[in-house]
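Here is the structure we will look at, set down as structure tokens.
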Amino acid sequence: MGVAIRDILSDCKEPVAWEDLAGIAAVDAHNALYQFLSIIRQPDGTPLMNGAGRVTSHLSGILFRTVNFLEKGIRPVYVFDGRPPEFKQGTIEERRLVRARADEAWKAAIQEGDTEEAYRQASASTRIDSHIIESSHELLDLLGIPRVQAPSEGEAQAAHMVRKGMATYAVSQDYDSLLFGSPVLVRNLTVSGRRKSRGRTITVNPERIVLSSLSDRLGVTREQLVEIGILVGTDFNQGVRGVGGKTALKIVKKGEFASTIAEKMPDFDPAPVREFFLAPPVTDDYALDWRPPDVEGVVAMLCDRYDFSEDRVRSSLSRVSVKATQKTLDAWF
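Right under this line is the structure:
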């Protein structure tokens, strides 16, 4: 879910064309998988599955979106979450309950024949389990796409990679990457295109947020942005009741963060959350190596085990393989 500061960022977002996104994209893998699993479904919300009932929506998303990235000169690296901090356990448990309720509502909507409501509830019931993670790892390896295991939050690791110059920008739907200090955040890369939302078809295009421009426009430092996040609530803490982004911005700019917390949430110590955003656990123990896809390996996995169309898989991979043969490996990757 991330931090709810959307209302103060509307003037900080800039539309960006695909041709301007060439570079290394540090993708928040769990966020991307969640998007794939939520969106790539049947009209009644049923996820794509093979004959054995194993979910394949995420594999479809990884394959076709990654090929699209490579065609446009974007070299993705998928960054996976590690161990969450202890103070995230409340959020994790709350999300489990939300998914469980949505799952029951989905089943009820299907029985009632309400397809639109069924799709909405099914999306809300999306969960990422060990099968999703392990099969995603396998497919990325076969596609020749690097992946990084973060020691804790994937968004924090992606932000660290951008700050170090190992990636051009971070990719996530959430705004937490900005609190973690990513110089550039690109949204909508994993969901761009035409899709249904609340019963209507919408077009979603990529958008970019530059942290330095955001700071200048809002008149806040990164540390103050973290304070705004704490006031409205993050994945690691409950916010102050009734305080949204605009109110939080005013409080912080007046220098009233500490007094507001002391008055409204006297039993809450914001220091651990602030420190986690400003100095999260990250690693430099990884290698970024893009390789041509193992076409036969991908076909064996997706077609033999997960019932994908071989023609579609080979056709998609050929769009990357042909380009790879037109240049030297070093020049292309």
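Just so we're aligned, residue 1 is where the sequence shown starts under UniProt numbering, counting upward by one.
We put the beta carbon where it would ideally sit given N, CA and C, even for glycine.
Three-state class that DSSP yields for residue i in the structure shown
| i | result |
| --- | --- |
| M161 | helix |
| D7 | helix |
| V171 | strand |
| I74 | strand |
| F64 | helix |
| V98 | helix |
| residue 337 | Residue 337 is absent from the model: the chain starts at 1 and stops at 333. |
| G23 | strand |
| V282 | coil |
| M301 | helix |
| L288 | coil |
| R54 | coil |
CA nearest to the CA of residue i, picked from the options
| i | options | result |
| --- | --- | --- |
| D294 | I128, S38, K13, L63 | L63 |
| R83 | K164, L139, N205, A156 | A156 |
| D11 | G297, V273, R314, K246 | K246 |
| residue 347 | G45, A109, V55, Y78 | Any property of residue 347 remains undetermined from this structure, which presents the chain solely from 1 to 333. |
| D7 | L249, R101, F257, V313 | L249 |
| P151 | R274, F80, A262, R95 | F80 |
| V243 | F257, D235, V220 | F257 |
| R274 | H160, E138, L9, E223 | E223 |
| T203 | L214, S213, L189 | L189 |
| I230 | F276, K254, P206, R208 | F276 |
| V320 | G255, A105, F236, R75 | R75 |
| P281 | E153, L139, L9, S123 | E153 |
| E19 | V240, T115, Q173, F69 | F69 |
| L179 | E207, S212, G165 | S212 |
| P85 | S259, N237, G23, E310 | N237 |
C-beta atoms of residue i and residue j nearer than 8 Å
| i | j | result |
| --- | --- | --- |
| E44 | I110 | Glu is not the amino acid found at residue 44; the sequence shown has Asp there. Yes, Cβ-Cβ distance for D44 and I110 is below 8 Å. |
| V184 | Y169 | yes |
| K253 | V220 | yes |
| L48 | I40 | yes |
| A158 | G181 | no |
| V186 | V210 | no |
| V232 | I5 | yes |
| D267 | T91 | no |
| N31 | Q173 | yes |
| P206 | L21 | yes |
| D114 | G2 | no |
Rounded distance between the beta-carbons of residue j and residue i, thought under 8 Å
| i | j | result |
| --- | --- | --- |
| V298 | L278 | Between L278 and V298 the Cβ distance is about 40 Å, and since that is not below 8 Å, they are no contact. |
| S123 | S60 | Contact flag wrong, Cβ pair sits at about 16 Å. |
| L139 | M301 | 6 Å |
| I261 | P272 | Not a contact, Cβ separation roughly 13 Å. |
| H131 | R54 | 7 Å |
C-beta neighbour in chain D for residue i, strict 8 Å
| i | result |
| --- | --- |
| V232 | Among the chains of the structure shown, chain D does not appear; only one protein chain is present. |
Quiz item: Contact between the segment 286-305 and the segment 138-154: three or more CB pairs below 8 Å?
Solution: By the Cβ test, the segment 286-305 is in contact with the segment 138-154, since at least three Cβ pairs between them sit closer than 8 Å.
Quiz item: Three or more C-beta pairs closer than 8 Å, one from the segment 114-125 and one from the segment 298-312: is that the case here?
Solution: Verdict: no, contact absent.
Quiz item: Counting pairs of beta carbons, one from the segment 123-132 and one from the segment 94-103, are three or more of them closer than 8 Å?
Solution: The segment 123-132, when compared against the segment 94-103, does touch it at the 8 Å Cβ threshold.
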